[in-house]
Amino acid sequence: MGSADLRGHRWAELLLSASLLTVWSLPAAAQLTPDASLLKVTRKLLAKPTISVSQGTAIEHKENVTFYCGTKDVNITIYWVSNNQPLVLHERMRLSTDGKTLTIFPVQREDTGTYQCEVWGVLQVMSSDPTFLVVNYGPDPVRIKVEPGVPNGEAVEVIEGSNVTFSVETQSHPPAAYLWVFPNDSKPITSSFLTASTFTIYAVSREHEGTYSCLVSNSATQLSHLATLKFHVLERLTKPCVMPPNQTLVENASLVALTCQTAHERAAAQWFLRGQLLLPSKHLVLSADNRTLAIHGLQRNDTGPYECEVWNWSSRVRSDPLKLNISYGPDRVDITRGSTSEVVSTIRAELNSSLTLQCWAESQPDAEFHWTLEPSTSVCTGEQLVIEALTWEHQGIYSCTAFNSLTQLARSASVLVRVIGPRSSLSEGAIAGIIIGILAVTALATGLGCFLYIRNAKG
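Encoded structure:
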């Protein structure tokens, strides 16, 4: 039953009693002449009760308070009222048998307010004047808030240049006193600016970093609480740079390291490969702080591009892409006839016809090609060997060697050239007198081939 219901219920009982006395009367034969002294007693008005309190101010959780309702009237019922509402007793309240004494032990902050006692007779109710109870409490445990700020572990982070407000919230009566301690100060700063529950730092910088403390106290309760906060200022991010290794990159190198260079120590870092977030593996290994990317067993397709990104909760900045120049090869060497794709090991060509040999090898950078005619006769350099008019002396095994100056690797392939056609009508002596020579070895316009000329001299 609520407090309003209780009070209404009491008034309903009183009105019912009055109505019964009004409408009910005895038959004439049964009526008695009332005694004058009895009428005098029943018409006596109730006296206004008084209320007293053991102490009008008390400390929460520490002190008890007793209210006493003073009245000389008898045959009455005493009710208690708090803040103009019928008092509902709780586990910390005790009421004496006669209802005149109300004890609260110990008091709490919600017990603050006005108290009255009411004396109820048969047809009358009299209330005491109110008395006020003040309960001092707090300060409650406190913590420092920073706006705008983002928690990161035990610290709160803000962005350099922003306006930052520090505040402390607590419940306390009377109002608490605040005393702030700034970083690098051995004594509390007691200026009026720093004794309020809040203050603002404008255009915050790294110089404002450190641990802030606020001592909150209540002189009435003799209680105090100390709140502390680590405060970090994050610089506005600038573009990082991916630092390439200071070495020539060769395929199958044991280890290559890329470094994300940035001035922001507190910024987080992450890597991107070909525009996608890089996922670490046994081949691609990140350091604990993500600032270094190690490539184990470098492969030719590890060229990238690579990017690193630094970020914090307010912004993120990505580096320019870096593409690696990886040297490899030469791979298998192949020889074809002309520019066809068919690899040959033996070529049959007509006498006096032209012949072009093409040497192929996958390599980065491009391989250097060298042709020889066995046994170990140097013919020319370049990826093409061109013979304009085949003679019998052009028969033999031609070898092409591909060499990479950076990887220091070389590979070779050979092809057998056979010349077919009618034998010459010259005598053996004439044949022996044929002067065979290489008149010129001239590079093609592309610089990738050579011509081989052999002239027959008539004796």
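Numbered by mature numbering (1 follows the signal peptide of the UniProt record, and there is no 0), the letters in the sequence shown go through residues -30 to -1, 1 to 429 in order.
We treat Cβ as the ideally placed atom computed from N, Cα and C, and that holds for glycine.
By the beta-carbon neighbour count (other beta carbons within 10 angstroms, threshold 16), Glu320 is exposed. By the C-beta criterion, the segment 72 to 84 is judged to be in contact with the segment 52 to 61, since at least 3 inter-stretch pairs fall below 8 angstroms. Distance from the CA atom of Lys209 to the CA atom of Trp281, rounded to whole angstroms, is 10 angstroms. One thing to note: Ala264 has its Cβ no nearer than 8 angstroms to the Cβ of Val303.
Gln78 is not a Cβ neighbour of Pro100, given a cutoff of 8 angstroms. Per DSSP, the beta-bridge partners of Phe169 are Phe136.
For Arg64, the enclosing beta strand (DSSP E) covers residues 63 to 65.
Counting only the Cα atoms, Trp341 lies some 44 angstroms from Asp290. In terms of Cβ geometry, Leu204 and Glu130 form a close pair [threshold 8 angstroms].
Here Gly180 is bridged, per DSSP, to Phe201. As computed with DSSP, Lys115 is found in a beta bridge with Ser137. When rounded, the separation of the alpha-carbon atoms in Val89 and Val112 is 45 angstroms. Sequence-distant Cβ neighbours of Pro214 in its own chain, meaning closer than 8 angstroms and more than five residues away, are Leu228, Leu292, Leu294. Between Ser24 and Thr36, the beta carbon gap of about 4 angstroms places them in contact (Cβ cut-off 8 angstroms).
Counting C-beta atoms within 10 angstroms of its own C-beta, Ala237 has 16 or more neighbours from the protein chains shown and is therefore classed as buried. Assignment of Trp283 by DSSP, reduced to helix, strand and coil, places it in the coil class.
In this chain, the beta strand (DSSP E) harbouring Asn374 covers 366 to 374. Counting along the chain, Pro250 sits inside no beta strand (DSSP E), nor does DSSP assign it H or E at all.
Close CB contacts of Ser369 within its chain, under the 6 angstroms cut and outside five residues either way in sequence, are with Thr342, Ser382, Ser384 (chain order).
Comparing C-alpha distances from Thr262 to each of Leu219, Glu279, Arg270 shows the shortest one belongs to Glu279.
Under the criterion of beta carbons closer than 8 angstroms, Val128 and Val186 do not qualify as touching, at roughly 23 angstroms. Taking all protein chains in view, the Cβ of His195 is crowded by 16 or more other Cβ atoms within 10 Å, so the residue is classified as buried. Comparing alpha-carbon positions, the option among Ala372, Val120, Val387 lying closest to Ala380 turns out to be Ala372. In the DSSP assignment, Ser289 forms no beta bridge with any residue. Assigned with DSSP and collapsed to three states, Leu263 falls in strand. Annotation: Gln240 to Tyr298 spans about 29 angstroms, alpha carbon to alpha carbon.
Within the DSSP secondary-structure output, Val126 pairs in a beta bridge with Pro121, Phe201. For Ala190, the closest C-alpha among the options Gln246, Leu243, Gly108, Thr181 is that of Gly108. For Phe152, there is no enclosing beta strand (DSSP E), since its DSSP letter is neither H nor E.
For Phe242, the enclosing beta strand (DSSP E) starts and ends at 238 to 243.
Between Ser22 and the set Glu277, Thr41, Arg388, Asp259, the nearest pair of CA atoms involves Thr41. Under the three-pair Cβ rule at 8 angstroms, the segment 139 to 154 counts as touching the segment 165 to 173. Apart from the 5 residues on each side of it in sequence, Arg244 sits with its Cβ closer than 8 angstroms to the Cβ of Gly274, Pro275 in its chain, given in chain order. Taking 8 angstroms as the cut-off, the beta carbon of Thr310 is found no closer than this to the beta carbon of Val356. Counting along the chain, the unbroken beta strand (DSSP E) around Gly83 starts and ends at 83 to 90.
With contacts defined as CB atoms closer than 8 angstroms, His178 and Leu207 fail to qualify as a contacting pair.
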